[in-house]
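The first sequence begins at 1 in the UniProt record's numbering and counts up by one. Down below is the structure, laid out as structure tokens.
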Amino acid sequence: MPELPEVETVLRGIAPRMIGRRLAEVEARRPDLRRPLPAGFVQRLTGRAVIAADRRAKYLRLHLEGGETLIVHLGMSGRLVIEDAPPPVAFHHGPSIAVADAPHTHVVFRLDDGTRILFADPRRFGLMDIAATDDLDAHDLFAHLGPEPLGNGFSGPYLARAFEGRRAPVKALLLDQRVVVGVGNIYASESLFEAGIHPARAAGTLSAEDCDRLAAAVRATLDRAITAGGSTLRDFVGASGELGYFQHSFRVYDRADAPCSREGCGGTIERVVQSNRATYFCSRCQA
DNA sequence: CTGATTTCCTGGCGGC
DNA sequence: TGCCGCCAGGAAATCA
């Protein structure tokens, strides 16, 4: 479920806590997530300082001293839990109370200030990898990705080119990370609703104007979600923060049979399945 | 090449 | 109450 806005929010949550800090201890509680952890995972990370952090598509990247980058993907159920350092002994009264780690915690980083960052992922669709920082674009995970939807490479004309001659439903192509990254099942439905485009339209039949509206809608939808994520961050980070899921209100996603939210529409949100994925839309608003 | 389908994994929930 | 089956979904693999 983490799509670009959620991953961006997680990045903004962990970056100030991790940049400039050293990974004092790294614990891998199992050898694999969706795929095996890279060879020497613990040894290659332990003792390294985090010098920068960014996001590409739905991947978090922690750039480490020594020229390597830790790549983290949350899959659909992955979370990062920030756990503050325990208080100094002088302020500690009574017996310590052991608090269990979040369920399904697979990897734990302890920073040199005592903060712990827990990676928990029940469904284990997440992944971690380590790659040379100076050649990340060539890495398998990044080499075939399309443009960032919030960057300069994404626009109506770009979409028009990408859609040209394609007969697949436009919704399917929005989910294709080679076309544009970061859009998942939720924001694909939301963006198409905002643009007034039917999800089943063959992508190649979209006009230039359709593509302009869709590009703008994708951008606006993701921007709004990032803004919402930012306010969520302010609410709960600072204490113990659990990053990965957020409560958003969606206009069509998971609202089957609910009235369309567009003023004066009076239609009903429909749910259909496209290539085994639920799609939500309003047939009055989207043609 | 394109597009559709399957696979991975586990918690949660509907239905009986 | 209990259990079975299905659904959720990112991305890659596989199939037609």
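Note that CB positions come from ideal geometry on N, CA and C, so glycine has one too.
Reduced DSSP category for residue i - H, G, I as helix; E, B as strand; rest coil
| i | result |
| --- | --- |
| A269 | Rather than Ala, the amino acid found at residue 269 in this sequence is Ile. If DSSP states are grouped into helix, strand and coil, I269 belongs with the strands. |
| Q43 | helix |
| A168 | coil |
| Y59 | strand |
| V7 | helix |
| Y253 | coil |
| F125 | coil |
| E148 | coil |
| D32 | strand |
| L214 | helix |
| G230 | helix |
| E37 | The sequence given here places Leu at residue 37; Glu does not occur at that position. Three-state result, L37: coil. |
| V99 | coil |
| F142 | helix |
| P87 | coil |
| A287 | coil |
| residue 312 | Residue 312 falls outside the range modelled here, since the chain spans only 1 to 287, and no answer is possible. |
| N276 | coil |
Beta-carbon separation (whole angstroms), residue i vs residue j, contact threshold 8 Å
| i | j | result |
| --- | --- | --- |
| F142 | G78 | Not confirmed; about 18 Å, so no contact. |
| P38 | I130 | 5 Å |
| A53 | L62 | 5 Å |
| residue 288 | A172 | No answer is possible for residue 288: the residues shown for the chain start at 1 and end at 287. |
| D257 | T268 | 6 Å |
| A24 | R124 | Their Cβ separation, rounded to whole angstroms, is 26 Å, which puts A24 and R124 out of contact at 8 Å. |
| P147 | V218 | Incorrect: roughly 11 Å between the Cβ atoms, too far for contact. |
| R166 | A203 | 4 Å |
| G47 | R22 | 6 Å |
Beta-ladder partner(s) of residue i, from DSSP
| i | result |
| --- | --- |
| F281 | E270 |
| I130 | L70 |
| D54 | R61 |
| E25 | R110 |
| P259 | T268 |
| A49 | R22 |
| residue 292 | The first residue shown for the chain is 1 and the last is 287, placing residue 292 beyond what the model contains. |
* Asked: Are the stretch 177–191 and the stretch 12–27 touching, with three or more C-beta to C-beta distances below 8 Å?
  -> no
* Does the stretch 3–11 touch the stretch 180–188, meaning 3 or more C-beta pairs lie closer than 8 Å? -> yes
* **Sequence ranges, alpha helix (DSSP H) only - wholly within the stretch 165–206, length at least 4** => 170–175, 185–195
* **Touch test, the stretch 174–185 against the stretch 132–139, Cβ-Cβ under 8 Å, three pairs minimum** => no
* Do the stretch 30–45 and the stretch 83–90 touch if we need at least three Cβ pairs shorter than 8 Å? -> no
* Determine, using beta-carbon pairs with one atom in the stretch 208–220 and one in the stretch 143–163, whether at least three such pairs fall under 8 Å. => yes
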